[in-house]
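Chemist: Numbers 14 to 120, taken from the working numbering, label the letters of the sequence shown in order. Quick reminder that beta carbons are idealized off the backbone N, C-alpha and C, glycines included. Keep in mind that this is a model prediction, so the values were computed, not measured.
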Amino acid sequence: IFVVCDYITGVMGAISDKKLSSAVGFRGICRKVLIFILVGIANVIDINVLGQVGVLRTAVIFFYISNEGLSLIENAAHLGLPIPGKLKEVLEQLHNRDEKDTDKEEK
């Protein structure tokens, strides 16, 4: 849901700025598809390499949920919608926590 909403609000922002382009739209769709591919890869690694179910996959999902949520908020603010501070704060905390978890896994 976050992926679709982020894409739609991104298109709305591009229309608002009169910068809508099929090339940019296609690139956005490719990025969204890549998110789902990465979640699938994380799931395969969980099962076949780590021997656990859902550890890496869940981290990747939460990373992208927070990332898409922040982008959605940025798009909404760009369109002039007031954003509840607590919502933005929670998504930023989730995003920062997931980045720290990802950094630990890479080391």
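With distance defined between alpha-carbon atoms, name the residue in 71, 46, 85 nearest to residue 57.
Modeler: Here residue 57 refers to the residue found at position 44 when the sequence shown is read from its first residue. The option with the nearest alpha carbon to residue 57 is 71.
Chemist: Using a threshold of 8 angstroms, state whether the C-beta atoms of residue 26 and residue 107 are closer than that.
Modeler: Taking the first residue of the sequence shown as position 1, residue 26 is located at position 13. Taking the first residue of the sequence shown as position 1, residue 107 is located at position 94. Cβ distance not < 8 angstroms, so residue 26 and residue 107 don't count as in contact.
Chemist: Do residue 104 and residue 79 count as a contact pair if the criterion is CB distance below 8 angstroms?
Modeler: For the purposes of this step, residue 79 is identified with residue 66 of the sequence shown, where counting begins at 1. For the purposes of this step, residue 104 is identified with residue 91 of the sequence shown, where counting begins at 1. Result yes, Cβ atoms of residue 79 and residue 104 sit closer than 8 angstroms.
Chemist: DSSP state of residue 34, grouped into three classes?
Modeler: To locate residue 34, count along the sequence shown from 1; it is residue 21. DSSP places residue 34 in coil when its eight states are reduced to three.
Chemist: Between the C-alpha atoms of residue 95 and residue 36, what's the straight-line distance to the nearest angstrom?
Modeler: Here residue 95 refers to the residue found at position 82 when the sequence shown is read from its first residue. Here residue 36 refers to the residue found at position 23 when the sequence shown is read from its first residue. Taking the straight line joining both Cα atoms gives about 30 angstroms.
Chemist: Run through DSSP, which three-state label would residue 14 get?
Modeler: Taking the first residue of the sequence shown as position 1, residue 14 is located at position 1. Coil at residue 14, not helix or strand.
Chemist: Tell me which same chain residues have a C-beta within less than 8 angstroms of the C-beta of residue 21, skipping the five on either side of it?
Modeler: Along the sequence shown, read from residue 1 onward, the residue named residue 21 stands at position 8. So the list is empty, once near-sequence residues are dropped.
Chemist: Could you check which residue in 66, 62, 89, 23 has the C-alpha nearest to that of residue 42?
Modeler: On the sequence shown, position 29 is the one that residue 42 refers to. Measuring from the Cα of residue 42, the nearest candidate turns out to be 23.
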